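Heads up: the sequence shown begins at 12 in my numbering, then just goes up one per residue.
In what follows, a structure is listed as structure tokens, so that the remarks can point back to it.
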Amino acid sequence: MSPDTTKISKACEPCRRRKIKCDGQEPCRNCQTQPLECVYRLKARVRIRKRVPKSSVHQDRSSDLLNTNADRYTSREDFSISETGTSRAEIYPSVAAADNAPQFMDSSQLFYGPSSNFAFLQQLHRSILLRGQQSHGQSHDFQEGGRGLDMFMQRNVFFGVPLRAAVPGNTPLFDLQSQMIPKALATAFLNNFKTSSLHILPFFNTEALDNLLDSLYSTRPDPSLQPHRRVLFLMVLAIGALSSTWTELADIIFSQAKQEAITREDSVTLSMIQFSLLVTDYQLNIGRPNSAYLHVGNACRKAFALGLNTASGNALLRQEEEIEERRTTLWCLYFYEQWVALTVGRKSMMREIDVLLPYPEKQTTLVNLCRFASIIEEAVEAIYSRRSESLRNLYTTAQGMYTKLRQYADREGIGSAAIPQYNTPSEAMSTLMLHNIYFHLVHTMFRPFLVAESTVQSGQTAELWLRQACRNATDAAADSIAFVSSMFNTIDVSKVRRYDSFCIEASCSVLLHDSLRHPSKHPNNLVYIRMALNCLGAMTDDEPVTNVAHSVERILSVVEQSISGNDDVSTSTPLLEAGMPLSPQHQTNILFPSLGQASSCAASNLIFLSNRQSQATNYPLPETHHGASQVTAEPLADLEPRFNFDVLATDLSTYFPLDIYMDQHSGQNAGIY
Numbered sequence: 012m013s014p015d016t017t018k019i020s021k022a023c024e025p026c027r028r029r030k031i032k033c034d035g036q037e038p039c040r041n042c043q044t045q046p047l048e049c050v051y052r053l054k055a056r057v058r059i060r061k062r063v064p065k066s067s068v069h070q071d072r073s074s075d076l077l078n079t080n081a082d083r084y085t086s087r088e089d090f091s092i093s094e095t096g097t098s099r100a101e102i103y104p105s106v107a108a109a110d111n112a113p114q115f116m117d118s119s120q121l122f123y124g125p126s127s128n129f130a131f132l133q134q135l136h137r138s139i140l141l142r143g144q145q146s147h148g149q150s151h152d153f154q155e156g157g158r159g160l161d162m163f164m165q166r167n168v169f170f171g172v173p174l175r176a177a178v179p180g181n182t183p184l185f186d187l188q189s190q191m192i193p194k195a196l197a198t199a200f201l202n203n204f205k206t207s208s209l210h211i212l213p214f215f216n217t218e219a220l221d222n223l224l225d226s227l228y229s230t231r232p233d234p235s236l237q238p239h240r241r242v243l244f245l246m247v248l249a250i251g252a253l254s255s256t257w258t259e260l261a262d263i264i265f266s267q268a269k270q271e272a273i274t275r276e277d278s279v280t281l282s283m284i285q286f287s288l289l290v291t292d293y294q295l296n297i298g299r300p301n302s303a304y305l306h307v308g309n310a311c312r313k314a315f316a317l318g319l320n321t322a323s324g325n326a327l328l329r330q331e332e333e334i335e336e337r338r339t340t341l342w343c344l345y346f347y348e349q350w351v352a353l354t355v356g357r358k359s360m361m362r363e364i365d366v367l368l369p370y371p372e373k374q375t376t377l378v379n380l381c382r383f384a385s386i387i388e389e390a391v392e393a394i395y396s397r398r399s400e401s402l403r404n405l406y407t408t409a410q411g412m413y414t415k416l417r418q419y420a421d422r423e424g425i426g427s428a429a430i431p432q433y434n435t436p437s438e439a440m441s442t443l444m445l446h447n448i449y450f451h452l453v454h455t456m457f458r459p460f461l462v463a464e465s466t467v468q469s470g471q472t473a474e475l476w477l478r479q480a481c482r483n484a485t486d487a488a489a490d491s492i493a494f495v496s497s498m499f500n501t502i503d504v505s506k507v508r509r510y511d512s513f514c515i516e517a518s519c520s521v522l523l524h525d526s527l528r529h530p531s532k533h534p535n536n537l538v539y540i541r542m543a544l545n546c547l548g549a550m551t552d553d554e555p556v557t558n559v560a561h562s563v564e565r566i567l568s569v570v571e572q573s574i575s576g577n578d579d580v581s582t583s584t585p586l587l588e589a590g591m592p593l594s595p596q597h598q599t600n601i602l603f604p605s606l607g608q609a610s611s612c613a614a615s616n617l618i619f620l621s622n623r624q625s626q627a628t629n630y631p632l633p634e635t636h637h638g639a640s641q642v643t644a645e646p647l648a649d650l651e652p653r654f655n656f657d658v659l660a661t662d663l664s665t666y667f668p669l670d671i672y673m674d675q676h677s678g679q680n681a682g683i684y
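Laid out in structure tokens, this is it:
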């Protein structure tokens, strides 16, 4: 038999994804240019047994062997029955997704941890699949994770909103000002920044910003407008532009600012730390959380290199204003580092113990944010960074953190029954942000218990403390939406930061998970979800707000179909975002980190997703709850081969201790206490 016709037991991962023949070598002939990419499955792939009519007497021998192997893996790994008869069928050990891709030059990976909303949405997706499988009497121990990414229209949210436009490298700054940004428009962007963002980036003051605007548009050379100040001001204008409909222009200004700063990107200066903070805020606002995580991490490294976090770093300074600016920048950096790390579920670099300077003076909002960041740091360490011996121990820890958070919020009038007071639009935006962060932190603390409670069999009653933990999460989600809705009735919604849409989405995810688990609660939850969609509709009608709104509507539709008993939900064709086509030049402007093979991340604890959209295929959109509109997504153009993005998200079903009724009949509630 010739080598070309030799059969092998399994192909390597790159060949399997591209559906090309593999020779089974290490590396194979197709992976000679990238030998490190040539990896093989650790176990044989488990396939679903095909249904055969009872009257059929002729069965293929190879099918019998395949089914035998599938049964062996099924009985050995996932479908063990506890002493109480509780099936583990709803707890999948791993989930994977991959699309076909052409020969590629490089591959990047993204990781989203257990505190991220992405991991929680994958858990919701698998709960929906489980309902469909149970209705068919089927079980699987291996699930396709990419379907959740597409079914919930999360691809743009997950991988980041593509850049709208880029400024050519030879575009002079003067032409950018005179042709694209008249001074009147720049003034409007600056006023937006003062209203919506200055309270969380307070290392500027309004007078200095006004002077920078005049200097930038002055017809005479202004020696006071140094290059690093000009770059910072361009970022201010870009952030301000996001509080309007000028999204493409915002990306142009952003690209121009990065172009101006490229020669100073390795400089360890206060200005470049502030620049990284401004880029972080911009990327969060436009819907690029991964890029924000990279930039805030870069700022932390520079802060440590500068000695910004120590008193000795300020020893050479004489003016009190300079010292105050450094303290403000440092604590602003600490907040962003903790907040971004929480929302993407990754490690933070800067801890409160590293900050050896006092809080800045007369910065009430920033101090409140830093207090929240301190609690975030403790909560992540206690809840999400270690494995608890039992769910009851995890509840005790979470309840203690919640009590501490609640006490501080009560003192500051956050999340209380009292009506918040604000005198200016900037104070209103500050109040809105503080409440969004507070409510998000509360339901993030208690989301693990929603995952755990979903494993309780129908007909059983969860323990009182578990029900209370779930109520804490769902109440916080509902209160968050209700508060945002009430605020929107009294403020200029056009000034609301786009990033607030992600807080709304996270709250909707919690309520939809609750509806799926307890359909009787759905009518009440639906009131808040509709309220959230109305809030999203009132915000800036552009990305990422529109992406979030489409995603929430889609998840709502799928959950309602699942509740109503529509079995087609579990096997529907994956969705691509209708009305959101991605061009190759857009996609190539997104940068993702290369994490490689992390030894601490076991494959059984990760969800694998992929952004390898190489085939221009039309996927039909299923009907939504608005009606039976027959809409098809635009085909995606072929992406350049070297841009292939894989994503890992924590598998929550194996991350938290879920055996809450283990050994209950024998009198040993080891899984509870």
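Note that beta-carbon positions come from the ideal geometry of N, C-alpha and C, so glycine has one too.
Model, not experiment: these values are computed from the prediction.
(request) Taking the CB atoms as reference points, tell me whether Trp476 and Arg398 lie closer together than 8 Å. (result) In the sequence shown, the residue the question calls residue 476 occupies position 465. In the sequence shown, the residue the question calls residue 398 occupies position 387. No, the Cβ-Cβ distance between Trp476 and Arg398 is not below 8 Å.
(request) Taking the CB atoms as reference points, tell me whether His306 and Thr291 lie closer together than 8 Å. (result) If you number the sequence shown from 1, residue 306 lands on position 295. If you number the sequence shown from 1, residue 291 lands on position 280. A contact, by the Cβ cut-off of 8 Å.
(request) Would you tell me roughly how many angstroms separate the C-alpha atoms of Ala195 and Met412, rounded to the nearest one? (result) By one-based count along the sequence shown, residue 195 stands at place 184. By one-based count along the sequence shown, residue 412 stands at place 401. So the two alpha carbons sit approximately 48 Å from each other.
(message) For the structure I just gave you, are there three or more beta carbon pairs, one from the segment 381–394 and one from the segment 350–368, closer than 8 Å?
(response) yes
(request) Quick one: give me the first and last residue of the alpha helix (DSSP H) that Ile6 is part of. (result) The question about residue 6 has no answer, for the chain in this structure spans 12 to 684.
(request) In the DSSP assignment, find the unbroken alpha helix (DSSP H) run with Trp350 in it and report its ends. (result) Walking along the sequence shown from the start, residue 350 turns up at place 339. Element bounds for Trp350: 331–355.
(request) Put Tyr370 into one of helix, strand or coil per three-state DSSP. (result) Taking the first residue of the sequence shown as position 1, residue 370 is located at position 359. Three-state result, Tyr370: coil.
(message) On the CB-based measure, 16 or more other CB atoms within 10 Å of its CB, does Gln237 come out buried or exposed?
(response) As a first step, residue 237 is located in the sequence shown; it is residue number 226 there, counting from the start. Gln237 counts as exposed, since fewer than 16 other C-beta atoms from the protein chains shown sit within 10 angstroms of its C-beta.
(request) State the start and end residues of the unbroken alpha helix (DSSP H) segment that holds Ser497. (result) Working through the sequence shown from its first residue, we reach residue 497 at position 486. Start and end: 475–499.
(request) Compute the beta-carbon to beta-carbon distance between Ser520 and Phe122, rounded to the nearest angstrom, for a pair I have assumed lies under 8 Å. (result) Here residue 520 refers to the residue found at position 509 of the sequence shown. Here residue 122 refers to the residue found at position 111 of the sequence shown. Incorrect: roughly 19 Å between the Cβ atoms, too far for contact.
(request) Classify Leu121 as helix, strand or coil using the three-state DSSP reduction. (result) Translated into positions along the sequence shown, residue 121 becomes position 110. Strand.
(message) Does Cys33 come out as helix, strand or coil in the three-state DSSP assignment?
(response) For the purposes of this step, residue 33 is taken as the residue at position 22 of the sequence shown. Note: Cys33 maps to coil in three-state DSSP.
(message) Could you compute how far the alpha carbon of Ser396 sits from the alpha carbon of Asn128?
(response) Looking up residue 396 in the sequence shown gives position 385. Looking up residue 128 in the sequence shown gives position 117. Distance between the alpha carbons of Ser396 and Asn128: 16 Å.
(request) Taking only the alpha-carbon atoms, compute the straight-line gap between Phe204 and Ile250 and give it to the nearest angstrom. (result) Counting from 1 along the sequence shown, the entry for residue 204 is found at position 193. Counting from 1 along the sequence shown, the entry for residue 250 is found at position 239. Phe204 and Ile250: Cα-Cα distance of roughly 6 Å.
(message) I need the straight-line Cα distance from Gly576 to Val569, nearest angstrom please.
(response) Translated into positions along the sequence shown, residue 576 becomes position 565. Translated into positions along the sequence shown, residue 569 becomes position 558. Cα-Cα distance, rounded: 11 Å.
(message) Once the 5 residues before and after Thr442 are set aside, which same chain residues still bring their CB inside 6 Å of it?
(response) For the purposes of this step, residue 442 is identified with residue 431 of the sequence shown, where counting begins at 1. Taken in chain order, the residues that qualify are Pro431, Tyr433.
(request) Have a look at Gln330 and Glu336 and give me their C-alpha separation to the nearest angstrom. (result) In the sequence shown, the residue the question calls residue 330 occupies position 319. In the sequence shown, the residue the question calls residue 336 occupies position 325. Roughly 10 Å between the two C-alpha positions.
(request) Compute the Euclidean distance between the alpha carbons of Arg241 and Leu260, then round it to the nearest angstrom. (result) Looking up residue 241 in the sequence shown gives position 230. Looking up residue 260 in the sequence shown gives position 249. Going from the Cα of Arg241 to the Cα of Leu260 covers about 17 Å.
(message) Could you tell me the alpha carbon to alpha carbon distance between Val563 and Ser518, rounded to whole angstroms?
(response) By 1-based counting over the sequence shown, the position of residue 563 is 552. By 1-based counting over the sequence shown, the position of residue 518 is 507. So the alpha carbons of these two residues sit roughly 10 Å apart.
(request) Using the Cα positions of Leu344 and Leu220, report the straight-line distance between them to the nearest angstrom. (result) Residue mapping note: residue 344 aligns to position 333 of the sequence shown, counting from 1. Residue mapping note: residue 220 aligns to position 209 of the sequence shown, counting from 1. C-alpha separation (whole angstroms): 20 Å.
(message) Rounded to the nearest angstrom, what separates Ser118 and Lys313 at their Cα positions?
(response) Counted from its first residue, the sequence shown places residue 118 at position 107. Counted from its first residue, the sequence shown places residue 313 at position 302. Because the pLDDT of Ser118 is 44, which lies under 50, any placement of that residue in the model is unreliable, and the number read from its coordinates should be weighed accordingly. Using only the alpha carbons, I get a separation of about 28 Å.
(message) Here's the rule I'm using: 16 or more other beta-carbon atoms within 10 Å means buried, otherwise exposed. How should Ala316 be labelled?
(response) On the sequence shown, residue 316 is found 305 positions in, with the first residue counted as 1. It counts as exposed.
(request) Tell me where the alpha helix (DSSP H) around Asn4 begins and ends. (result) Here the chain has residues from 12 to 684 only, and residue 4 is not among them.
(request) For the segment 198–257, list the alpha helix (DSSP H) runs that are entirely contained and at least 4 residues long, ordered along the chain. (result) For the segment 198–257, the full-length alpha helix (DSSP H) segments reaching 4 residues or more read 217–227, 238–252 along the chain.
(message) Just verifying my parser: in three-state terms, what is the DSSP assignment at Cys23?
(response) Taking the sequence shown and counting its residues from 1, the one referred to as residue 23 is at position 12. Note: Cys23 maps to strand in three-state DSSP.
(request) Give the straight-line distance between the Cα atoms of Phe215 and Leu209, rounded to the nearest whole angstrom. (result) Start at 1 with the first residue of the sequence shown, and residue 215 comes out as number 204. Start at 1 with the first residue of the sequence shown, and residue 209 comes out as number 198. One C-alpha to the other measures close to 7 Å.
(message) Taking 7 Å as the limit between beta carbons, can you name the residues of its chain near Met360, skipping five residues before and five after?
(response) Here residue 360 corresponds to residue number 349 of the sequence shown, with the count starting at 1. Within the same chain, Met360 has close Cβ partners Gly308, Cys311, Glu348.
(request) Could you tell me the distance, in whole angstroms, from the CA atom of Pro113 to the CA atom of Arg52? (result) Here residue 113 is taken as the residue at index 102 of the sequence shown, counted from 1. Here residue 52 is taken as the residue at index 41 of the sequence shown, counted from 1. Residue confidence for Pro113 is low, a pLDDT of 39 falling below 50, so the modelled location carries little weight; the figure read from the coordinates is stated next. Roughly 20 Å separates the two Cα atoms.
(request) Just tell me which of Arg357, Arg231, Met440, Tyr510 has its CA closest to the CA of Leu377. (result) One-based indexing of the sequence shown puts residue 377 at position 366. For Leu377, the nearest C-alpha among the options comes from Met440.
(request) Quick one: using the 10 Å Cβ neighbour count with 16 as the cut-off for buried, is Gly548 buried or exposed? (result) For the purposes of this step, residue 548 is taken as the residue at position 537 of the sequence shown. By the neighbour-count rule (16 or more Cβ atoms within 10 Å), Gly548 is not buried but exposed.
(request) Can you tell me which of the three DSSP states Tyr51 falls into? (result) Residue numbering aside, residue 51 sits at position 40 when the sequence shown is read from its first letter. In the structure shown, Tyr51 sits in a strand (DSSP, three-state: E or B).
(request) Measure the CB-CB distance between Leu368 and Arg338 and report whether it falls below 8 Å. (result) In the sequence shown, residue 368 corresponds to position 357, counting from 1. In the sequence shown, residue 338 corresponds to position 327, counting from 1. Yes, they are a contact pair.
(request) Taking 8 Å as the cut-off, decide whether the C-beta atoms of Leu243 and Ser282 are in contact. (result) Taking the first residue of the sequence shown as 1, we reach residue 243 at position 232. Taking the first residue of the sequence shown as 1, we reach residue 282 at position 271. For Leu243 and Ser282, yes; Cβs fall inside 8 Å.
(message) Check this for me: beta carbons of Tyr406 and Phe460, under 8 Å apart or not?
(response) In the sequence shown, counting from the first residue as 1, residue 406 sits at position 395. In the sequence shown, counting from the first residue as 1, residue 460 sits at position 449. Against a cut-off of 8 Å, the Cβ pair of Phe460 and Tyr406 comes out as a contact.
(request) Could you check what DSSP says for Glu276 in three-state terms: helix, strand or coil? (result) As a position in the sequence shown, residue 276 is number 265, starting the count at 1. It is coil, neither helix nor strand.
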